[in-house]
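Visitor: Going line by line, the protein sequences match chains A and B.
Start counting the first sequence at 1; every next residue gets the next number (the working numbering).
Start counting the second sequence at 181; every next residue gets the next number (the working numbering).
I'd like to ask you about the structure that follows.
Protein chains: 2
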Amino acid sequence: MSDRQPDTTPPASDPAPGPASAPRGAAFLLAQIGAHAAGRFAERVGDLGLTPADVGLLRMIAGRPGRSQRALAEDLGVVPSRVVTLIDSLEGKGLVERRRSAEDRRNHELHLTAEGRRTLGAVSRKAAAHEDDLLAALDPAQRAQLLDLLERVATQQELTPGVHPGYRTLQKSPRSGRPE
Amino acid sequence: MSDRQPDTTPPASDPAPGPASAPRGAAFLLAQIGAHAAGRFAERVGDLGLTPADVGLLRMIAGRPGRSQRALAEDLGVVPSRVVTLIDSLEGKGLVERRRSAEDRRNHELHLTAEGRRTLGAVSRKAAAHEDDLLAALDPAQRAQLLDLLERVATQQELTPGVHPGYRTLQKSPRSGRPE
DNA sequence: TATTGTTATACTCTATAACTATA
DNA sequence: TATAGTTATAGAGTATAACAATA
């Protein structure tokens, strides 16, 4: 990587090969650290046979047992058919149970099984260890400070508590250029 | 959502339907805000016809012009064939140029075109607006504080400056419980 | 024979839409 | 006819591996 290029390569293009290219802002760091955190968390819950989406589902069902798949899909911002797949998997693992609603037999009321609750407990321990590792660089005061700042940002950005955008399909750049 | 369920549905499962389900930690917020930030950034650069991965490539090429695709793949943690696709797209848009290396003609040296540099300038403006929106809840002092905390975390976690984990495939949980 | 880049193939994931059963 | 859930199909994205050119 030196500069001994023969006359076949015109000196043409490169003007300022250094700065301006490495993003240094907090927004980039948030995205970078966020993706890193999500990946590490995925590894950890992977040990339990779960994906992060599974965990999200378990938490939502635990928080409001008996809700329907449709309601769940709405809250998560995903399409109902995806909930079918996710619940299939959780039911197959014996963590979630579908119960036909007696009021409206089209509905499935979702509940955790006993093992589902145990698993959710294990997830909580994984999450605690994860947080501790992720923030190893910060002392308790700094962690509190970070939490405070992040909560301000999340609130102002109107992020739904407990709902991870990763559950729904990333909005790919809507398509290059034209308006809808 | 009332509690008039007939005897067909045993009161069985749900014990503590409330807390324990909504994650409140900084790690979750980092992942949530990070995904949100990435999504919003994707929208913005989508206006320029670019994906976030495109932007990352442009930045790396700008930072070190002339590098080979293989080196790029290594630094990004992606497979070389993916770099082919990405560069194809950028070259098709006239932003990047492949030049046969005179030293080793197997190599392609990558360079930005003049338009590529202009586009990167536009990206920087998008990024600045993005950051400003994302951190609208914080005053300048708080933003500096956040940046400081995030940098500590990124350093301790050994995150490569400028390299977004989203460029490479998320490590799916290596196995989902049972060996298939 | 080893290495750079490319192409071809297969796999995974997810949304769309058709379908069923209840209402 | 409308709605909850399911199933079937198709599309996007990406890794794996075979391949061509150069060393």
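Even for Gly, the Cβ is constructed at its ideal location relative to N, Cα and C.
Just so we're clear, the structure is a prediction, and the values are computed from it rather than from any experiment.
Could you give the distance in angstroms between the alpha-carbon of H344/B and the alpha-carbon of L275/B?
Guide: Sequence index remark: in the second sequence, residue 344/B carries index 164 (1-based). Sequence index remark: in the second sequence, residue 275/B carries index 95 (1-based). H344/B and L275/B: Cα-Cα distance of roughly 21 angstroms.
Visitor: Is S261/B buried or exposed, if buried means 16 or more other CB atoms sit within 10 Å of its CB?
Guide: If you number the second sequence from 1, residue 261/B lands on position 81. Exposed, since its Cβ has fewer than 16 Cβ neighbours within 10 Å.
Visitor: In three-state DSSP terms, what is L48/A?
Guide: One-based indexing of the first sequence puts residue 48/A at position 48. Of the three classes helix, strand and coil, the one that applies to L48/A here is coil, per DSSP.
Visitor: I'd like the ranges of any beta strand (DSSP E) spanning at least 3 consecutive residues and lying wholly in the stretch 271-320 of chain B.
Guide: As far as the stretch 271-320 of chain B is concerned, its whole beta strand (DSSP E) runs of at least 3 residues are 276-280 and 288-292.
Visitor: Does the Cβ-Cβ distance between E277/B and E271/B come in under 8 angstroms?
Guide: Taking the first residue of the second sequence as position 1, residue 277/B is located at position 97. Taking the first residue of the second sequence as position 1, residue 271/B is located at position 91. In this structure, E271/B lies closer than 8 angstroms to E277/B by Cβ.
Visitor: Residues of chain A with CB under 7 angstroms from R332/B, in chain order?
Guide: Looking up residue 332/B in the second sequence gives position 152. Per Cβ cutoff of 7 angstroms: A137 and L138.
Visitor: Could you work out which residues of chain A lie near I213/B, taking near to mean beta carbons separated by less than 8 angstroms?
Guide: Residue mapping note: residue 213/B aligns to position 33 of the second sequence, counting from 1. Per Cβ cutoff of 8 angstroms: L30, G34, L150, V153, A154, Q157 and L159.
Visitor: Among L76/A, L29/A, G56/A and Q157/A, whose alpha-carbon lies nearest the alpha-carbon of F41/A?
Guide: Taking the first residue of the first sequence as 1, we reach residue 41/A at position 41. That would be G56/A, whose Cα lies nearest to the Cα of F41/A.
Visitor: Is there a Cβ from chain A that is less than 8 angstroms from the Cβ of L256/B?
Guide: Locating residue 256/B in the second sequence gives position 76, counting from the first residue. Not one chain A Cβ lies under 8 angstroms of L256/B.
Visitor: Start and end of the alpha helix (DSSP H) containing R244/B?
Guide: Your numbering for residue 244/B matches position 64 in the second sequence. It is not in any alpha helix (DSSP H) - R244/B carries neither H nor E in the DSSP assignment.
Visitor: Can you round the beta-carbon distance between L228/B and V303/B to whole angstroms, since I take them to be within the 8 angstroms contact cut?
Guide: Within the second sequence, numbered from 1, the residue matching residue 228/B stands at position 48. Within the second sequence, numbered from 1, the residue matching residue 303/B stands at position 123. Contact holds; Cβ gap of about 7 angstroms.
Visitor: Can you tell me which of D312/B, R250/B and R305/B puts its alpha carbon nearest to the alpha carbon of N287/B?
Guide: Along the second sequence, read from residue 1 onward, the residue named residue 287/B stands at position 107. The shortest Cα separation from N287/B among D312/B, R250/B and R305/B belongs to R250/B.
Visitor: Look up E331/B in the DSSP assignment and say whether it is helix, strand or coil.
Guide: Here residue 331/B refers to the residue found at position 151 when the second sequence is read from its first residue. In the structure shown, E331/B sits in a helix (DSSP, three-state: H, G or I).
Visitor: If you compare alpha carbons, which of P65/A, D54/A, L58/A and A38/A is closest to A206/B?
Guide: Sequence index remark: in the second sequence, residue 206/B carries index 26 (1-based). It is A38/A.
Visitor: At the level of alpha carbons, what is the spacing between H36/A and E338/B?
Guide: Residue mapping note: residue 36/A aligns to position 36 of the first sequence, counting from 1. Residue mapping note: residue 338/B aligns to position 158 of the second sequence, counting from 1. Straight-line measurement puts the Cα of E338/B at about 10 angstroms from the Cα of H36/A.
Visitor: Between the alpha carbons of L256/B and A242/B, how many angstroms are there, rounded?
Guide: For the purposes of this step, residue 256/B is taken as the residue at position 76 of the second sequence. For the purposes of this step, residue 242/B is taken as the residue at position 62 of the second sequence. Roughly 15 angstroms between the two C-alpha positions.
Visitor: State the DSSP-derived secondary structure class of E158/A, mapped to helix, strand or coil.
Guide: On the first sequence, position 158 is the one that residue 158/A refers to. Of the three classes helix, strand and coil, the one that applies to E158/A here is coil, per DSSP.
Visitor: Alpha carbon to alpha carbon, what distance is there between S89/A and P161/A?
Guide: Counted from its first residue, the first sequence places residue 161/A at position 161. Counted from its first residue, the first sequence places residue 89/A at position 89. Using only the alpha carbons, I get a separation of about 25 angstroms.
Visitor: Grab the span of the alpha helix (DSSP H) containing R250/B for me, first residue to last.
Guide: For this step, residue 250/B is matched to residue 70 along the second sequence. Run containing R250/B: Q249 to L256, per the alpha helix (DSSP H) assignment.
Visitor: Under 8 angstroms between C-beta atoms, does R143/A make it to chain B?
Guide: Locating residue 143/A in the first sequence gives position 143, counting from the first residue. So yes, R143/A belongs to the interface.
Visitor: Measuring only between beta-carbons, confirm whether L110/A sits less than 8 angstroms from chain B.
Guide: Residue mapping note: residue 110/A aligns to position 110 of the first sequence, counting from 1. No - not a single Cβ of chain B is within 8 angstroms of the one on L110/A.
Visitor: Under 8 angstroms, Cβ to Cβ, is there at least one residue of chain B near G162/A?
Guide: Here residue 162/A corresponds to residue number 162 of the first sequence, with the count starting at 1. So yes, G162/A belongs to the interface.
Visitor: Would you mind telling me which residues of chain A sit closer than 7 angstroms to E311/B, beta carbon to beta carbon, in chain order?
Guide: Residue 311/B sits at position 131 when you count from the first residue of the second sequence. What E311/B touches in chain A: G25, A26 and A27.
Visitor: If you compare alpha carbons, which of I33/A, P65/A and P23/A is closest to L150/A?
Guide: Counting from one through the first sequence, the residue named residue 150/A turns up at place 150. When each option's Cα is compared against that of L150/A, the closest is I33/A.
Visitor: So, at 8 angstroms on beta carbons, what are the nonlocal neighbours of D133/A in its own chain, with the 5 sequence-adjacent residues on each side left out?
Guide: On the first sequence, position 133 is the one that residue 133/A refers to. Spatial neighbours of D133/A in its own chain (CB-CB distance under 8 angstroms, excluding positions within 5 residues in sequence) are listed in chain order as R40.
Visitor: Check whether the Cβ of R244/B lies closer than 7 angstroms to any heavy atom of the ligand MG, and answer yes or no.
Guide: Within the structure as shown, the ligand MG is missing, as the structure has no ligands at all.
Visitor: Nearest-angstrom Cα distance between M60/A and A128/A?
Guide: Sequence index remark: in the first sequence, residue 60/A carries index 60 (1-based). Sequence index remark: in the first sequence, residue 128/A carries index 128 (1-based). Straight-line spacing of the CA atoms in M60/A and A128/A works out to 18 angstroms.
Visitor: Cβ of L314/B less than 8 angstroms from any chain A Cβ?
Guide: For the purposes of this step, residue 314/B is identified with residue 134 of the second sequence, where counting begins at 1. Closer than 8 angstroms to some Cβ of chain A, the Cβ of L314/B qualifies, so yes.
Visitor: For a quick check, are the C-beta atoms of E131/A and G66/A less than 8 angstroms apart?
Guide: Reading the first sequence from its first residue, position 131 is the one you call residue 131/A. Reading the first sequence from its first residue, position 66 is the one you call residue 66/A. No. Outside cutoff.
Visitor: Just verifying my parser: in three-state terms, what is the DSSP assignment at H216/B?
Guide: Start at 1 with the first residue of the second sequence, and residue 216/B comes out as number 36. H216/B falls in the helix class under three-state DSSP.
Visitor: Quick check on DSSP: helix, strand or coil for P11/A?
Guide: Residue 11/A sits at position 11 when you count from the first residue of the first sequence. Note on P11/A: pLDDT 35, under 50, position unreliable in the model; the coordinate value appears next. Coil.
Visitor: Exposed or buried, what is G301/B when buried is set at 16 or more other beta-carbons lying within 10 Å of its beta-carbon?
Guide: In the second sequence, residue 301/B corresponds to position 121, counting from 1. Answer is exposed; the Cβ neighbour count stays below 16.
Visitor: Determine the burial state of V263/B: buried for a count of at least 16 other Cβ atoms within 10 Å of its Cβ, exposed for fewer.
Guide: The count along the second sequence starts at 1 and reaches residue 263/B at position 83. So V263/B counts as buried.
Visitor: Can you list, in chain order, the residues of its chain whose CB lies under 7 angstroms from that of L315/B, leaving out five sequence neighbours each side?
Guide: Position 135 of the second sequence, counting from 1, holds the residue named residue 315/B. So the qualifying residues of the chain are R323.
Visitor: Specify the secondary structure class of R24/A as computed by DSSP and reduced to three states.
Guide: Locating residue 24/A in the first sequence gives position 24, where the first residue counts as 1. Looking at R24/A - three-state DSSP - the assignment turns out to be coil, as it is neither helix nor strand.
Visitor: Among K306/B, F208/B and L210/B, which one has its Cα closest to the Cα of V225/B?
Guide: The count along the second sequence starts at 1 and reaches residue 225/B at position 45. Of the listed residues, the one whose Cα sits closest to V225/B is K306/B.
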